[in-house]
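J.: Per my numbering, the sequence shown starts with residue 357, numbered consecutively.
Where a beta carbon is used, it is the ideal one built from N, C-alpha and C, also for glycine.
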Amino acid sequence: LAAGRFRCKVPGIYFLNLHVHTWNYKEAYLHIMLDQQPTAVLYAQPSERSAMQAQSLLLPLTTGRTVWVRMFHRDRDSAIYGEPGDLYITFSGHLVTAEDLDTW
357 LAAGRFRCKV
367 PGIYFLNLHV
377 HTWNYKEAYL
387 HIMLDQQPTA
397 VLYAQPSERS
407 AMQAQSLLLP
417 LTTGRTVWVR
427 MFHRDRDSAI
437 YGEPGDLYIT
447 FSGHLVTAED
457 LDTW
């Protein structure tokens, strides 16, 4: 996880959670990625005030699949708030149930 990516070692259903502090007057547009495919979006419209945004999902994962977060860039500036040493974005998850997903 030091590289910011989670590689599944135990197949099953995982609960994933992303929290982001948005930046004033900036759009926040992030994807929760499964390998190279977006599986969920966290989006916040530009606003006078920053806000905490969250996205959660249950995701079936097989061994070797990788989950990570990317910032998506469009025509508008996309940004999240942060300062050195301060955590304003968290991405976490846990195994809900271990299952052999090949039987699904």
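Bridge partners of H429, per DSSP?
T.: In the DSSP output, where bridge partners are listed per residue, H429 has none listed.
J.: Could you pull the DSSP bridge partners for Q411 from this structure?
T.: DSSP lists L374 as partners of Q411.
J.: With a threshold of 8 Å, are at least 3 pairs of Cβ atoms found where one atom belongs to the region 359-367 and the other to the region 392-412?
T.: The region 359-367 is not in contact with the region 392-412.
J.: Assign A454 to one of two classes, buried (16 or more other C-beta atoms within 10 Å of its C-beta) or exposed (fewer than that).
T.: Counting Cβ neighbours within 10 Å, A454 comes out exposed, since fewer than 16 surround it.
J.: Where do the ends of the beta strand (DSSP E) carrying S448 lie?
T.: Segment 445-454, the beta strand (DSSP E) holding S448.
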